[in-house]
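K.L.:
This is the structure, below, for whatever I ask next.
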Amino acid sequence: MTFRANFVIDCVSSLTWMFMNLGFYLLIFEYTDSIGAGTGWSKFQFFIFLSTTLFIFSLVQAFFMPNANEFGELIRTGNLDFALLKPIDTQFLVSLRRIEWSSLSNFVFALVLLFYSLWRIEYRPGLVECLLYPFYLLCGVVVMYSLMMPLAACAVWLGRNESLYDYWFYVTNFSRYPMEIYRGPLGTPIRLIFTFVIPILLVVNVPARMLARPLHADEWRLAALTLVVTAASFLVCRWIFNRALVSYRSASS
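Residue 48 is where the sequence shown starts when you use my numbering, and the numbers rise one by one after that.
In structure tokens form, the structure reads like this:
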């Protein structure tokens, strides 16, 4: 926040993008009552889903994305050497070097949208669901982070990995929509791949279900799978990052 004008511009830019997206979805719901027939996502249920998406992405973009984006620069300039010398976990240090506060403007907007949408739907989530919601939000953040950092760590081997890093944006776009829309000959393979191989469909779908509608056996199974996926993805992330550090050659060598 050293440059306040830039901070304000970034906040306005983020909110403008959000209002444009919200306007697009409002336009869609002028012609339909739900996101696809039989998906179970009505207008304000979907806005709970949208709020959940904003929560997760704003946290990732505020705390981790700037640092993952700069990891390759740390290697090229030799500044990673200084991080390795500090008596603190290197991955933790390089992941949280800088916070992009302007990205949290969408978090505030999402909070308003969430409470308004909860007020407009008939279903009232219980205490358990309300407590599980922030927990699964954090699980979603961990999964997104665990996909991002290994891509950033590839800069150790590739030198420049901007194209590979863009892969994160392309893949995570699939998480912005309910998994029920991924059906049929094309959608079913997408749902299976992004649930069990690259599990980004669990990131938003599971916490959003906690508040949007009653939970049945299938939802609880997805919630249990999310716990396994969160732990596994973080362990894989740690392993790849540590392998990258082993391969790293300091600027002085």
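For every residue, glycine included, the Cβ atom is placed at its ideal position computed from N, Cα and C.
Only a predicted model underlies this, so the values are computations on that prediction, with no experimental measurement involved.
Buried or exposed for M226, please, with buried defined as at least 16 other CB atoms from any protein chain shown within 10 angstroms of its CB.
P.N.:
buried
K.L.:
Thinking just about the alpha-carbon of each residue, which of L165, N116, Y183 is nearest to the one in R145?
P.N.:
N116
K.L.:
Please go through the region 49 to 121 and give each complete alpha helix (DSSP H) segment of 4 or more residues, from N-terminal end onward.
P.N.:
51 to 75, 90 to 110
K.L.:
If you run the structure through DSSP and keep just helix, strand and coil, what is P225?
P.N.:
The answer is coil: DSSP assigns P225 none of H, G, I, E or B.
K.L.:
Report the rounded CA-to-CA distance for L184 versus V250, giving the unit in angstroms.
P.N.:
8 Å
K.L.:
Return the Cβ separation of I82 and I240 in integer angstroms, given the expectation that the two are a contact with Cβ distance under 8 Å.
P.N.:
So it is not a contact: roughly 21 Å between Cβ atoms.
K.L.:
V276: which of V188, L198, S294, P261 sits nearest, CA to CA?
P.N.:
The closest CA to that of V276, considering only V188, L198, S294, P261, is found on V188.
K.L.:
Indicate the three-state DSSP secondary structure (helix, strand or coil) for L205 in the structure shown.
P.N.:
helix
K.L.:
Rounded to the nearest angstrom, what separates C177 and I237 at their Cα positions?
P.N.:
30 Å
K.L.:
Let me make sure I understand the geometry here. Which of G206, S98, T235 has the alpha-carbon closest to that of P254?
P.N.:
S98
K.L.:
Rounded to a whole number of angstroms, what is the C-alpha to C-alpha distance between N220 and R296?
P.N.:
34 Å
K.L.:
Is the beta carbon of Q92 closer than 8 Å to that of A259?
P.N.:
yes
K.L.:
Please state whether the Cβ-Cβ distance between I301 and A200 is less than 8 Å.
P.N.:
Because the chain here runs from 48 to 300, residue 301 falls outside it and cannot be looked at.
K.L.:
Short of 7 Å in beta carbon distance, which residues of its chain neighbour A278, apart from the five on each side in sequence? Order them along the chain.
P.N.:
none
K.L.:
Tell me, to the nearest whole angstrom, how far the beta carbon of L62 is from that of F156; I am working on the premise that it is less than 8 Å.
P.N.:
6 Å
K.L.:
Cβ of S152 within 8 Å of Cβ of F94?
P.N.:
no
K.L.:
Pop quiz: T137 and L131 are said to be a contact at Cβ under 8 Å. What is the actual Cβ separation, rounded to whole angstroms?
P.N.:
Rounded, the Cβ-Cβ distance is 6 Å, consistent with contact.
K.L.:
Between the C-alpha atoms of K90 and L73, what's the straight-line distance to the nearest angstrom?
P.N.:
So the alpha carbons of these two residues sit roughly 8 Å apart.
K.L.:
On the CB-based measure, 16 or more other CB atoms within 10 Å of its CB, does S294 come out buried or exposed?
P.N.:
Exposed.
K.L.:
Between which two residues does the alpha helix (DSSP H) harbouring L160 extend?
P.N.:
That run of the alpha helix (DSSP H) goes 152 to 167.
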